[in-house]
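In numbering that gives the first Met the number 0, the protein residues as written are 0 to 240.
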Amino acid sequence: MQKPSQTFSKEYVIREIETQDHPQLLSFLKQELLPREFLFAKYLEPLSLAAIEKSKVEDEMLHIFDAYLASGMLHGLVAIQLASQKIVGLNLFFITTKNQTVVDQTAKILEPTKSKILADWYKCVLTPIEEKIDFFEKFPGIKSTLKIDTLCVDENHGGRGLGTALLQEALNYARARGIGLVETLVTSPYSKKIFERAGLVVITEIESRSFKDSTGKPMYNESRNLFAFAMRLYTDRKTDF
């Protein structure tokens with residue numbers, strides 16, 4: 000059955016991800032997200048990997064995204080350019096509960112990974128982020144959250160409101176399902192403005208050099224503040240109340 004879509008201007012449509020989107024979606028992630036995403040790109044930078052080795056790590060990362068999508072753990076929306084029918088933006092998110100966090104879901108996906116580089120990244124960067132803030136404790140009464148993992152727009156289609164539209168559709172998605180909270184970690188000044196305009200507020204800040212490897216060495220050479228955002232949703236449905 001065709002999932003509902005939202006026309007955005009005369010050039011684009013925003014809709015839920017469908018199975019047939021996966022190959023193009025993974026290609027978009029490799030071209031648009033992985034080279035620009037601070038936590039991933041800046042983690043690889045000081046490792047000085049040869050091009051072929053870096054490509055293998057990126058392919059393993061894409062395999063993890065694919066496994067997330069295939070398992071139904073990762074949900075999302077895509078912005079499609081009508082003229083070309085190409086994905087030009089996306090918003091990927093998890094639905095979490097107190098007993099099924101992203102860390103729990105990731106453990107199932109990571110188990111077969113062959114990349115020590117990626118395993119270390121998840122262990123020393125992503126897991127501490129997830130463990131730093133307990134949204135269910137901070138917002139009593141919440142039973143589920145929509146955790147935005149990736150919000151990305153093709154640079155050639157930037158400045159047209161696609162990022163804002165993708166975020167608003169995610170908020171609508173959450174409200175329609177009675178999800179009580181939207182949360183995310185923002186690593187870029189551009190994205191920070193989008194979330195602030197949408198009404199999300201900063202819950203805490205995390206400094207990039209606070210992430211340490213097993214020897215106590217900082218995982219990042221560059222210092223940057225990361226912002227954990229959240230917004231409490233009030234819906235007509237009773238799922239979360």
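For glycine and all other residues, C-beta sits at the position ideal for the given N, C-alpha and C.
Nearest-angstrom Cα distance between residue i and residue j?
| i | j | result |
| --- | --- | --- |
| Phe-194 | Ala-49 | 36 Å |
| Leu-145 | Met-230 | 10 Å |
| Phe-240 | Glu-136 | A caution first: Phe-240 carries a pLDDT of 33, below 50, which makes its placement in the model too unreliable to give a value. |
| Asn-171 | Tyr-11 | 18 Å |
| Leu-61 | Glu-44 | 18 Å |
| Tyr-233 | Ser-8 | 28 Å |
| Ile-94 | Phe-138 | 16 Å |
| Gly-71 | Phe-64 | 11 Å |
| Asp-20 | Ile-51 | 27 Å |
| Gly-157 | Thr-163 | 11 Å |
| Pro-34 | Ser-83 | 23 Å |
| Glu-154 | Ser-47 | 26 Å |
| Gln-23 | Gly-215 | 39 Å |
| Ser-69 | Pro-188 | The sequence given here places Ala at residue 69; Ser does not occur at that position. Between Ala-69 and Pro-188, the C-alpha separation is close to 31 Å. |
| Gly-140 | Gln-99 | 16 Å |
Taking 9 Å as the threshold (C-beta atoms), are residue j and residue i in contact?
| i | j | result |
| --- | --- | --- |
| Lys-131 | Ala-66 | no |
| Val-56 | Leu-117 | yes |
| Ile-13 | Leu-76 | yes |
| Asn-220 | Lys-41 | yes |
| Ile-205 | Ile-79 | no |
| Ala-175 | Phe-92 | no |
| Phe-134 | Ile-202 | yes |
| Ser-190 | Ser-207 | no |
| Thr-183 | Glu-36 | no |
| Lys-85 | Lys-142 | no |
| Leu-161 | Val-181 | no |
If I measure Cβ to Cβ from residue i and keep anything under 7 Å in the same chain, skipping five residues before and after, which residues do I get?
| i | result |
| --- | --- |
| Cys-151 | Glu-31, Leu-32, Gly-88, Leu-89 |
| Thr-18 | none |
| Asp-119 | Asp-212 |
| Leu-38 | Val-124, Thr-186 |
| Met-218 | Tyr-42, Cys-123, Val-124, Phe-210, Lys-211, Asp-212 |
| Lys-53 | Leu-43 |
| Ala-173 | Leu-145, Val-181, Leu-232 |
Given residue i, which residues of its chain have a CB within under 8 Å of its CB, disregarding the five upstream and five downstream residues?
| i | result |
| --- | --- |
| Leu-166 | Asn-90, Ile-147, Leu-150, Ile-193, Phe-194, Ala-197 |
| Asn-224 | Glu-204, Ile-205, Glu-206, Ser-207 |
| Leu-25 | Leu-61, Phe-64, Asp-65 |
| Leu-73 | Phe-64, Tyr-67, Leu-91, Phe-92, Phe-93, Asp-148 |
Going by beta carbon distance, what residues of the same chain come within less than 6 Å of residue i, once the five residues before and after it are set aside?
| i | result |
| --- | --- |
| Phe-27 | Ile-86 |
- Query: Can you give, in chain order, each stretch of the alpha helix (DSSP H) that sits fully within the segment 168-227 and has at least 4 residues?
  - Reply: Fully enclosed alpha helix (DSSP H) runs of 4 or longer: 188-196.
- Message: To test your reading of the DSSP string, which unbroken beta strand (DSSP E) runs of 3 or more residues are found completely within the segment 136-166?
- Response: Fully contained in the segment 136-166 are the following beta strand (DSSP E) runs of length 3 or more, in chain order: 143-152.
- Within the segment 1-84, note down every full alpha helix (DSSP H) run reaching 4 residues or more, in order along the chain. Qualifying alpha helix (DSSP H) stretches, in chain order: 21-27, 37-43, 50-70.
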